[in-house]
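Trainee:
Residue numbers (this note's numbering), protein chains in the order written: chain R, 14 to 384; chain E, 14 to 384; chain Z, 14 to 384; chain P, 14 to 384.
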């Protein structure tokens, strides 16, 4: 269904951009897991609008309230519900778009599907604002994995045509860079580029790279619950994502079989491959090498330039000047969303594996005493 | 779960590569839908091994038997079960690989997950052979959509570095070309290239392009059941797929917002966009423009060259010469799998929409009299 | 999963008895359905504590806040979220039970499953208080069905050994009686009986009867989504329910085939049966006759008498005097829960049927103009 | 969906009564579980027609073929598929009923839902014959539980008004009695009664009792995945079941709270209750006491007496003499279906619990060496 995801660990979203609140429910965690509210806030701050000169200036504090599922700072085994109140929704900016759909947004498709009673203010439940509670609940999953040494690293590897081959060696490293490209030169270049686009009222796309280290071998399922299937299902639900590839992805379509063989060896008591063209997944299942993926994010559709569109009722052409406050490169704020979403998916996959050794390991060291 | 997919229309796979049979169940169709067994056979023939000089020579007839769900040539409302017997499985070719995992295959991950009792012969239930029943049941969905004018066109747009911009204008057009590239020049070039790789015992990857025409506007769901989510979940379950993009996909990550605006107009009684960078989907929902996607397929992992690997039990390095009969470009045989899988997903999305007008329309004209 | 139910129309619960709030999300309704907040309040009032002299005196106002899913008083197609704040939770009454599980409650099983971090106050997420948001969201379903003439009637048919054969001819008729037995004599007798039990600090069980009139024929599914399966799954999740039977139910186990034949005739343009031993369902599917079921509710486990139990940590016997405010006959307050839950299940079944005529009919007449 | 059940362990049915075969897929078992084909046959024989003088004389051998999921007699981690061929289907007996629906059967509802293309022969996919593959796959679950000492005992506790209070102390004990009532006197009385009904061409109902011993405490979930919810969902899908109660069930509706208190004590290193009115389940979760339930089975609807019904097309009354071979007391053959279905549900609940200690324990001792 549209707003519930997952197999053993369910994630349910609710709320809307310009309503009273947005929220998420994480159902399926065992009891006794330490919830680190400071870390949750930290992750929300990384996604928050108005963090820097190259993000939108909508001013949301994004303070999470955990209204159920916690006893003495630990999960109680029931649904963990997080709500985040909307405090800076300026709905009148959106009255323009009621009848004049913005290109690149869900305005037209929302009208086509829901008709007159659609929730259009601020994009309603199509809004990127719905990803705030994903980050809040996903941060819980990130913490659980991190306590086990499973690190979901992510960074921006390209903005427009500015690219870097550098990678992030820790979960938060990329956030030390304004553009989240973990490379001083590329970061500085991309920052200037974005500032210029901002002045122009334009925007640009980017690519988010993810590498999950220390992943247990043998998780995931064949066919319909392959790691790629589960990850892509979740990630394509994030607004503005238009492509996903694993390992060498699209580049593999141009290569020969002899060029992409990940040869298998046994070293330091474990199976490894001497290269990782397949991104740590074969037959839908992890082989213990890092899981690598790349996510294509389109340029923010809302730009300050005038745009021709149409009136939904008269069908006459109109010119629309989009007001509101927008991100010149939404990939930057999508980064923590992808990162925490991957954590959520991974934890669901581990829990769904039914592998008792693995499940036991993942939830050990999560209690108060152990932390 | 691993072998069941879908929301309103469930697809369940069973069997294994070198067992007695492979099969699929399609559960959820209303009664009275005409089943075209000749078309089912035609689709299976397009996926079948040994069709031409550039596909594997394993000789399977792939004759589908519909063992339930049909009364007088029409669906009876119960589960439609198709089985396909395995007739040319040569298991002794695979004794080599029992202890020596092939790179790029699921041999190692299968061992890591399932241990000694894994099904290794011919890749077991990880085998591409499992896609035969997907094609058989998916062909039913293709027929239902086609009877409504919804056309799931697909073709190969690149093999290695040989590309074409030509597209297929009908469901079967690409199959008139040996390499499925609907372009005489590219086809001929790619055919020679593949023949050479074959002599070398090597293989190559490719890209499958899909364009769904005459798609009803307003189908799909926001967030977790977006069209992209549902499609990618299903397509990444097909062996050898490593990437998916919608519309301009990864290229959008390099572009400016002002360059990718799909402007909205009203023409011939319907909303259209003047370009289709977004591939017919916004906010997870169709806008009525063609749904376009591209699927990256890796080169066949089994090549005839010797390869170093490891013994699963002694952990010593070994040299493996992979026997068996393999495809030099598996993208060619993956094409009808992707095409029928997209049809299946689309029909499930339409049925799950709950839109009575659309559901009514899609199943009209499917009865005997109407055909 | 524990807190999400349903196929096409998902119901998700969150919150806990003595936390900040309880809530529910109804996801899957089309846009444009009129939400009648007054009716929602009316249903909540029927379930509310402290309605009369024979219900618990916990004083909750049970004011529903619809925090998402509504635009101009109609559904917007997104998740409808209702929260109800807990205002009269007296947690200190429950400190006694932290280590001393009450018999008949989930205190021990909660400890066995969740351990030290369980949510014990007021029964946590096992509490009957979780049914308030079920009633709130279920009332929306009741309204939709009622606008189509589908009437989910329910009443109490027995309390202890006091029984009535009278039935309720309308949705709300039973609520005109203090004990919800629609029979002046039985009502008065049962009322006195309960008052006496109350003085004794004791409680009693009862049976809830449901009859759904004007049900469309041909809904439901064979086997695993039979009407009985869907209803019983939902109803057994309501605290204190211990049995369910359809039609003549357990009585049929004592009868001969010749005694329970529901003979088929065609009258007034429709198929009917001359009796209804099978309760309107055959093969899991409705035949158009009223769907009838009976639900056994056990006596409230919390009684004011002293009870021997055990200390969870020392394992020593202890004597517990249960404080708190409790219902002498919980069946009375369970009635609207069962009634609205049946409405929810029925609407999900209709929506899941995929029958376009039926879906179209059920949502017509639900818009503003029509109301 | 209609033909797929379960959470972590999926059960999918296919086929139809008078088609080529019936079958089931069990997906989700780990690899390495010993499959005892002799036990599977034994269970099928207990359900098989023509076992004795009081079961139908349809002669099916019910030989299970496991066509996937097994390597060297153990599960391989893929879907376990069992098919059973139909060998004695006499379709011409059913031509009578094509237009003349039998009372008490799904003939009319099948027509109402599926129309002209319904599968009517022998009841199609509504037939009790669909339960043969449930028994075959369920027997695997029974074996897994038994190897862990978890015993799903079941027997017939009443036939018509003949009752017994005796219980079955082992899984198979009841099958030593012709009527499955584990009580020589009741068995003999019931046998005569059924023989007389048979001569009359009549039938009778009965009650199946189940007691699951040595159940691990703390399994199951609150609310929507309560043990009662999961069990009742599955059991109500079995044809002819009309009621289910847990513990004292309907009797509790007549009792006082003070009469049904299951007092908690700590004995022999575990929590126990001094009585078991609640049938081993509180808050949806097991407390370690035996799980007890009773299932009401209606009398076989097909009786040899003439019956008035109606023509589906002319709507005229007709007299129908039902031919075919039928059971005078279908509860007898439903017993192993209920028993193996409970085993399946229980194993799914344990696997879904995510409790690593429990999952680990349940699958230990299931490998070849251990057996």
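Just so it is clear, CB atoms sit at the ideal spot from N, CA and C, and this is done for glycine as well.
#1: Any idea if residue 385(Z) is buried or exposed, counting beta-carbon neighbours within 10 angstroms, 16 or more meaning buried?
#2: Taking any Cβ of chain R, which residues in the stretch 107-137 of chain E have a Cβ under 7 angstroms from it, in chain order?
#3: For residue 246(P) and residue 231(P), I'd like the C-alpha separation in whole angstroms.
#4: Under 7 angstroms Cβ to Cβ from residue 68(P), same chain only, skipping five residues before and after it: list those, please.
#5: Would you call the stretch 72-88 of chain Z and the stretch 161-168 of chain R in contact, with 3 or more CB pairs under 8 angstroms?
#6: Considering only the beta carbon of each residue, do residue 122(E) and residue 306(R) sit closer than 8 angstroms?
#7: What three-state label does DSSP hand residue 226(P) in the structure shown?
#8: Does chain E have any CB closer than 8 angstroms to the CB of residue 38(P)?
#9: Go ahead and label residue 261(P) buried or exposed: buried means 16 or more other beta carbons lie within 10 angstroms of its beta carbon, across all protein chains shown.
#10: Taking 8 angstroms as the cut-off, decide whether the C-beta atoms of residue 286(E) and residue 276(E) are in contact.
#11: Examine the Cβ distances between the stretch 80-100 of chain R and the stretch 28-47 of chain R and report whether three or more of them are shorter than 8 angstroms.
#12: Less than 8 angstroms between the CB atoms is what I'm expecting for residue 199(P) and residue 177(P), so what's the real figure, rounded?
#13: State the Cα-Cα distance for the pair residue 269(R) and residue 201(E), rounded to the nearest angstrom.
#14: Buried or exposed for residue 95(E), please, with buried defined as at least 16 other CB atoms from any protein chain shown within 10 angstroms of its CB.
#15: Please confirm if residue 383(R) has its CB atom under 8 angstroms from at least one CB of chain P.
#16: Between which two residues does the alpha helix (DSSP H) carrying residue 362(E) extend?
#17: Please name the residue, chosen from 248(R), 141(R) and 358(R), that lies closest to residue 234(R) on a Cα-to-Cα basis.
#18: Taking 8 angstroms as the threshold (beta carbon to beta carbon), is residue 355(P) in contact with chain Z?
#19: Tell me, please, whether the CB atom of residue 29(P) is closer than 8 angstroms to any CB atom in chain E?
#20: Which of the residues in the stretch 41-72 of chain E, read from start to end, lie with their CB under 8 angstroms from any CB of chain Z?
#21: By alpha-carbon positions, which one of 183(R), 128(R) and 207(R) ends up nearest to residue 226(R)?
#22: Under a three-way DSSP split, which group does residue 382(P) fall into?
#23: Let's see if you can read the secondary structure: which residues bound the beta strand (DSSP E) around residue 389(E)?
#24: Label residue 290(E) either buried or exposed according to how many other C-beta atoms from any shown protein chain fall within 10 Å of its C-beta, with 16 as the threshold for buried.
#25: In this structure, does DSSP put residue 55(E) in helix, strand or coil?
#26: Measure the C-alpha to C-alpha separation of residue 348(R) and residue 354(R) and round it to an integer number of angstroms.
#27: Along the alpha helix (DSSP H) that carries residue 124(E), what are the first and last residues, could you check?
#28: Take residue 15(R) as the anchor and find which of 323(E), 57(E) and 297(E) has the nearest alpha-carbon.
#29: I'd like to confirm the pairing. Which residues does DSSP put opposite residue 27(P) in its beta bridges?
#30: Just checking my contact of residue 216(R) with residue 312(R) at CB under 8 angstroms: how many whole Å lie between their CB atoms?
#31: Chain E beta carbons: is any one of them nearer than 8 angstroms to that of residue 15(P)?
#32: Using the Cβ count rule (16 or more neighbours within 10 Å means buried), how would you classify residue 18(Z)?
#33: Just mark residue 241(P) as buried or exposed, buried being the case when its beta carbon has 16 or more other beta carbons within 10 Å.
#34: Measuring alpha carbon to alpha carbon, tell me which of 27(E), 24(E), 55(E) and 352(E) ends up nearest residue 223(E).
#35: Less than 8 angstroms separating the beta-carbons of residue 113(R) and residue 322(R)?
#36: Of all the alpha helix (DSSP H) runs that stay within the bounds of the stretch 124-184 of chain Z, which reach a length of 4 or more residues?
Mentor: In terms of the structure at hand:
#1: Coverage of chain Z is limited to positions 14 through 384, which leaves residue 385(Z) absent and any answer about it impossible.
#2: 114, 116, 117, 118, 119, 121, 122, 123, 125 and 126
#3: 20 angstroms
#4: 62, 340, 345 and 346
#5: no
#6: no
#7: strand
#8: yes
#9: buried
#10: yes
#11: yes
#12: 4 angstroms
#13: 19 angstroms
#14: buried
#15: Confidence in residue 383(R) is poor, its pLDDT being 38 and thus under 50, which makes the residue's placement unreliable; the coordinate value appears in the next sentence. So no, residue 383(R) is outside the interface.
#16: 343-365
#17: 358(R)
#18: no
#19: yes
#20: 41 and 43
#21: 183(R)
#22: Residue placement at residue 382(P) is flagged as unreliable, the pLDDT there being 42, under the threshold of 50; a coordinate-derived value is accordingly withheld.
#23: Since the first and last residues shown for chain E are 14 and 384, residue 389(E) lies out of range.
#24: buried
#25: helix
#26: 10 angstroms
#27: 120-127
#28: 297(E)
#29: 36(P)
#30: 4 angstroms
#31: yes
#32: buried
#33: buried
#34: 352(E)
#35: yes
#36: 144-160
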